[in-house]
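Below: the structure, in structure tokens.
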Amino acid sequence: MTASTPPPPPRRKLFIKTYGCQMNVYDSARMADVLAPQGFVATESPDDADMVILNTCHIREKAAEKVFSDLGRLRALKDTRRNGQDMTIAVAGCVAQAEGAEISARAPYVDILVGPQSYHRLPELVARAARKQGVVIDTDFPSEPKFDYLPTPRAEGPTAFISVQEGCDKFCTFCVVPYTRGAEYSRPAADVLREARGLVAAGVREITLLGQNVNAYHGEAPDRSTWGLGRLMRELSDIDGLARIRYTTSHPRDMDEELMAAHRDVLQLMPFLHLPVQSGSDKILAAMNRQHTRDDYRRVIDRLRNYRADLVLSSDFIVGFPDESDADFQATIDLIEEIKFAQAYSFKYSRRPGTPATAMKSQVSETIKAERLAILQTLIDHQLETFNASCVGREFDVLLTHAGRHSGQLVGRSPYLQPVYVNADKQLIGQVVKLRMTEVATYSLGAELIDAKAA
Ligand code: 5AD
Ligand code: SF4
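In structure tokens, the structure reads:
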């Protein structure tokens, strides 16, 4: 080290708790990356952390309330430190964006509030928090895209996410995302391709393209034209060594022909699609401002299945949206029976401050919501079990991702995103191998090796 080299920053331990969606998982990893040059290293528990970040979710009331109960526990921990000075607490993500003022009032021991579009400024916010009493707040929607300021993501194992699109302009009447994540933004295609090439060179075999409205992607192309997601996918498929591509979450209205055709033409694109419909009733879809009908959804699925007959579907459902009658709910059940999903996420409608549906008349009682949710989940569980059982005896290409809990066991992912367990050599981690499915558990499959040669 020469005399002019500044000393490395002191080592500090960072604990990040992530709530909510894949996008938050991605953001948490980027927050750790952006803080690493400041000497922050990950720790497994808040108990010995110098800094704790709660990367929060505002999508439903329960998720937001959880943040306040976790903050209460952190306060007790912070109080045990010398003068309360030795632990920095940051609240990041959508609750910080939407409820910053309430957090400052209810939890004045929080040092930093940072929104989902400004966390690239964390090093500066941490430095400011160290100098200043009281909370440091950054919930801007900066004009500079944060991606331009974030370090290039590192590969951690054979699968990776790339955020390609953020925010939402759809304004479904139940949803906070357009307010917390802001307007739609698509990253330039060249940046996405560069990131993907780097990850694949570092051993990644499967990339999931992420966005709140990922199929609304319309990024600047290298020739200054605009590419949609289908086109981006075709370019990605030229990367040697990239075995698999996925994307999530999509909106039925944005499934354009080029993207649908990619399901036939891009061999790396996995035959599994998460395509939320929310409800099967046209009256409710209109009140939700989904901008599609039940038939539109059916038609999209039919067209997709024309391109890719073995496409397997997953969805999101909300029960108990304002004015949802028994007949509306039955229409949702009928649609599920008709389409058949391999899995789905379902939620009781949750009134979110600032969204139009909060003020709608005829809110549905919690009892009815709970009854409907139970019925819907029983049906979905049945479809999931039926689908998983139908896989036994079939041969799948499985990407082996990590060692299992039992000795000699590896865990992988089927094309349909099911966890698959197999006894095989650790050397195979990171490879796509042919496996025969031999047994089924509720959410996973057991398999045996057919051909250890990489597919
Ligand atoms: N209440 C219940 N579920 C909601 N979702 C979004 N907003 C709400 C809300 N206010 C669900 C939708 C969406 C998923 C991410 O969360 O189903 O697709
Ligand atoms: Fe929310 Fe609707 Fe946008 Fe999805 S499309 S993020 S549900 S507003």
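Start counting at 1 in the sequence shown, then tack on 131, and there's your number in our numbering.
Glycine residues also receive a C-beta, built at the ideal position from the N, C-alpha and C atoms.
These numbers were taken from a predicted model, which means no experiment stands behind them.
Straight-line spacing of the CA atoms in G577 and Q153 works out to 26 Å.
Annotated three-state conformation of F527 is strand, per DSSP.
The shortest CA-to-CA distance from N344 to any of S356, A327, Q296 is the one to Q296. Residues lining the ligand SF4 by the Cβ criterion, that is a Cβ closer than 6 Å to any of its heavy atoms, are C299, K301, F302, C303, C306, V308, P309, Q343, N344, H382 in chain order.
It is roughly 10 Å from the alpha-carbon of A392 to the alpha-carbon of M386. One alpha carbon belongs to E196, the other to S356, and they sit about 44 Å apart.
The secondary-structure analysis by DSSP pairs V450 across a beta bridge with K479. DSSP, read as helix, strand or coil, puts A291 in strand. R525 and F278 have their C-alpha atoms spaced approximately 42 Å apart.
The continuous alpha helix (DSSP H) containing A393 extends over residues 388-396.
Taking non-hydrogen atoms of the ligand 5AD into account, the C-beta of Q409 is found less than 7 Å away from one of them. Relative to the ligand 5AD, D447 has its C-beta within less than 7 Å of a heavy atom. Here V345 carries a helix assignment [DSSP, helix/strand/coil]. A321 sits in a helix when the DSSP states are folded into three classes. Shown here for I511: same chain residues with a beta carbon closer than 6 Å to its own, the five before and five after excluded, namely A475 in chain order. Within the DSSP bridge table, the entry for D269 names V245 as partners.
Within 7 Å of the C-beta of F478 there is at least one heavy atom belonging to the ligand 5AD. The Cβ-Cβ distance between V443 and A473 falls below 8 Å.
Spanning the alpha carbons of L466 and S521 requires a straight line of approximately 21 Å.
Positions of the alpha helix (DSSP H) runs, each at least 4 residues long and wholly inside the stretch 492-566, are given as 497-522 in order along the chain. Per DSSP, the unbroken alpha helix (DSSP H) holding T311 starts and ends at 308-311.
In this structure the stretch 220-231 touches the stretch 245-261; the number of beta carbon pairs closer than 8 Å is three or more. Taking the CA atoms as reference points, H394 sits about 54 Å from Q264. V183: member of the beta strand (DSSP E) spanning 182-187, first to last residue.
Comparing alpha-carbon positions, the option among E192, P453, A488, G298 lying closest to T380 turns out to be G298.
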